[in-house]
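Single-structure report; data block below.
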Amino acid sequence: MLARDNTLNNKFFKNNDNGKFTFISNNPEKTVCLGIELGNLLQAGDLIAINGALGAGKTSLIKGIVKGLKSPDIVTSPTFSIINEYSSTVPIFHFDLYRINKLEDIEELGYEEYFYSQGVTLIEWAEIIISYLPEELLLINIYMDLNNISTRKISFEPKGERYKKIVKELKAIECIRN
Ligand SMILES: Nc1ncnc2c1ncn2[C@@H]1O[C@H](COP(=O)(O)OP(=O)(O)OP(=O)(O)O)[C@@H](O)[C@H]1O
Ligand SMILES: [Mg+2]
Numbered sequence: 002m003l004a005r006d007n008t009l010n011n012k013f014f015k016n017n018d019n020g021k022f023t024f025i026s027n028n029p030e031k032t033v034c035l036g037i038e039l040g041n042l043l044q045a046g047d048l049i050a051i052n053g054a055l056g057a058g059k060t061s062l063i064k065g066i067v068k069g070l071k072s073p074d075i076v077t078s079p080t081f082s083i084i085n086e087y088s089s090t091v092p093i094f095h096f097d098l099y100r101i102n103k104l105e106d107i108e109e110l111g112y113e114e115y116f117y118s119q120g121v122t123l124i125e126w127a128e129i130i131i132s133y134l135p136e137e138l139l140l141i142n143i144y145m146d147l148n149n150i151s152t153r154k155i156s157f158e159p160k161g162e163r164y165k166k167i168v169k170e171l172k173a174i175e176c177i178r179n
């Protein structure tokens, strides 16, 4: 029973021709597990843009992704710094844009050096800087459920072939499909 609680058993997923995939998570651990599976599939140069309301689970998902990328580092919200960097076989850049005051702040950060680097870039509140994002990326939206405080709808929208492949591989993982 315990092992089952930590799996991503889920019957409520949908998909369509755009490579879009929606996963329902009904507890925080499942969101972390989903992140781990995604992190396992990532490589240098990948960029994940995450949107969702306050407390939706963006950092929780990133905790999983960083674990899946085999980093021993602790994920924290980069509230004051905007960017946290974690080490793994590739550098991991974790942006939290909630507190940027103006769009130009992202230019001052030298965003291109991160977004087009040989690291993995993970961005919370990516919608704020939509015009600065590369055309190809994996867009993740996390929706809260007004009727259930522990339920999240997590949608994956791949933009570009590389990200379609990642989502296809993610969907094929048995514990995510079932
Ligand atoms: N299914 C779920 N998936 C993820 N988090 C959940 C879930 N159910 C409840 N939670 C709770 O929601 C909160 C999510 O917090 P988290 O910091 O990951 O969100 P966030 O989107 O990064 O918030 P912020 O906008 O402040 O950065 C945690 O307290 C977590 O326990
Ligand atoms: Mg957060």
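Quick note, in the working numbering, the sequence shown goes up one by one and the last residue is 179. For glycine and all other residues, C-beta sits at the position ideal for the given N, C-alpha and C. Since we're looking at a predicted model, the values are computed, not measured.
Under the three-state reduction of DSSP, Glu-158 is assigned to strand. Leu-139 places its beta carbon less than 9 Å from that of Ile-49.
Within the DSSP secondary-structure output, Glu-125 pairs in a beta bridge with Ile-51, Asp-97. Look at Arg-100: its beta carbon is at least 8 Å from all of the heavy atoms in ligand 1.
Per DSSP, the unbroken beta strand (DSSP E) holding Glu-86 starts and ends at 84-87.
Pairing Ile-131 with Gly-53 gives a Cβ-Cβ distance that is not under 9 Å.
When the beta-carbon positions are compared, Glu-137 and Lys-160 come within less than 9 Å of each other.
Judged by the Cβ position, Leu-55 qualifies as a neighbour of ligand 1 at the 8 Å threshold, a heavy atom of the ligand being closer than this. If you look at Thr-23, you'll find it in the beta strand (DSSP E) that goes 22-26.
By the CB criterion at 9 Å, Ala-57 and Gln-119 fall outside the cutoff.
Remark: the C-beta of Asp-97 is in contact range of ligand 2, defined as less than 8 Å to any heavy atom.
Per DSSP, the unbroken alpha helix (DSSP H) holding Asp-106 starts and ends at 105-109. Separation of the CB atoms of Gly-20 and Ile-63 is rounded to 22 Å, and the pair is thereby denied contact status at 8 Å. The beta-bridge partner set that DSSP reports for Arg-163 is empty. Secondary structure note for Tyr-144: its beta strand (DSSP E) is the uninterrupted segment 138-146.
In the three-state reduction of the DSSP assignment, Thr-90 falls in the coil class, being assigned neither a helical nor a strand state. The alpha-carbon of Lys-103 is positioned some 25 Å away from that of Asp-47. Taking the Cα positions, Glu-30 is about 33 Å away from Glu-113.
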